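Taking it in order: structure first as structure tokens, then the write-up.
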Amino acid sequence: MRFRAVISNTAGLAAASARVTAALPAADWRQDLINLSYEGTPETGTDRYGQAYARLGSGSIAPGGSVTVGWTTQARLWALKVRVPDSRLVDPATADATLRGHFLSASFPYLAMSSPTVTNFAAAVGVSPANFVNFGRGLRDQVFQALSYNLDSVWDDAATVLQRGSGSCSEYSFVTSAAWRLNGYPTRFVGASTGGSALESGAPDDTYHRWIEIYAPGIGWVPMDCNHNDSGSVTPFSNELVFGVNSRKLIVLKGGCEDGDWLGHGYTWNYNATSGSVDVDGAYEWSWR
């Protein structure tokens, strides 16, 4: 897999330069990584959550010229399903205080946790949050009944998404995460590049995917893909996958936080011009073995 960003000078007669900031994938229980290498000379570091990043500068680009920066890795990927017994009772209040401080916060603006639209939605699940699995199913069903999938170029907050009745994977995640938090469970976001059928034919990924993880004391972080299998008006909804990520065609780029010091609320990459005027075209390119 390769992330590449082509930085082009659009400044007319002047030299230009830019810096691309990209989240770096890490080896974990979903993926093994081999031989991460760079195009360009990176400045690397981690944010306060331990997420790794690289900053890649273009250097001076002559008018009409371009420079490519990025990274390349080989990866082994797994699809995972998390099985928690239906009868398992959980007390989210027993989670570590530091973890609760980070991941129960109402400060993330896209959750809109003070909005009556969101608080009423979170209170309407009708299942005790102590029953982790059944609460998750009830919340998932309620989200599916409230929303239909629609991808556009902006993210709206959970209240706006619920009022509109549609959203992207990120917006499904905002609604679902807010409801878990309002019922006492810490949550965090995970962002990935997707390697579906279009990529197998050589098309780059410029859409990506996001889901959440819920912290259940005594179990750990449990992934929930908030819009997977949303079948619209077809009810009852399938319980085949409530918890887990049902695809090996995902490589996690950023996990464990919703903000961070390098990419803010984003989870893939961004750029800033350090002189002149530039265009940057970035994408993730997959090849399968």
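The numbers in this note's numbering rise by one with no breaks, and the one at position 43 of the sequence shown is 34. C-beta: ideal position from N, C-alpha, C; glycine also. Quantities reported herein were computed from a predicted structural model and do not represent experimental measurements.
* **Limits of the unbroken alpha helix (DSSP H) element including residue 171** => 160 to 173
* Asked: Hey, how far is the Cα of residue 214 from the Cα of residue 83?
  -> 16 Å
* **Cβ-based neighbour list, residue 48, same chain, cut-off 6 Å, excluding 5 preceding and 5 following** => 10
* To do: Consider the C-beta atom of residue 77 and the heavy atoms of the ligand SAM; say whether any pair is separated by less than 7 Å.
  => The ligand SAM is not part of the structure shown, which contains no ligands of any sort.
* To do: Report yes if the C-beta distance between residue 198 and residue 178 is below 8 Å; otherwise report no.
  => no
* To do: Provide the residue span of the alpha helix (DSSP H) that contains residue 38, from first to last.
  => Counting along the chain, residue 38 falls outside any alpha helix (DSSP H), and DSSP gives it neither H nor E.
* To do: Report back the beta-carbon spacing between residue 208 and residue 85 to the nearest angstrom; my notes put them in contact at under 8 Å.
  => 5 Å
* Nearest-angstrom beta carbon gap, residue 72 and residue 235 [assumed within contact, 8 Å] -> 4 Å
* First and last residue of the uninterrupted alpha helix (DSSP H) at residue 90 -> 88 to 94
* Asked: So residue 131 is in the alpha helix (DSSP H); what residue range does that whole segment cover?
  -> 123 to 137
* Is the Cβ-Cβ distance between residue 270 and residue 1 less than 8 Å? -> yes
* How close, in whole Å, do the beta carbons of residue 119 and residue 112 come, if the pair is a contact with beta carbons under 8 Å? -> 17 Å between Cβ atoms; not a contact.
* Asked: Which of the three DSSP states, helix, strand or coil, is assigned to residue 176?
  -> coil
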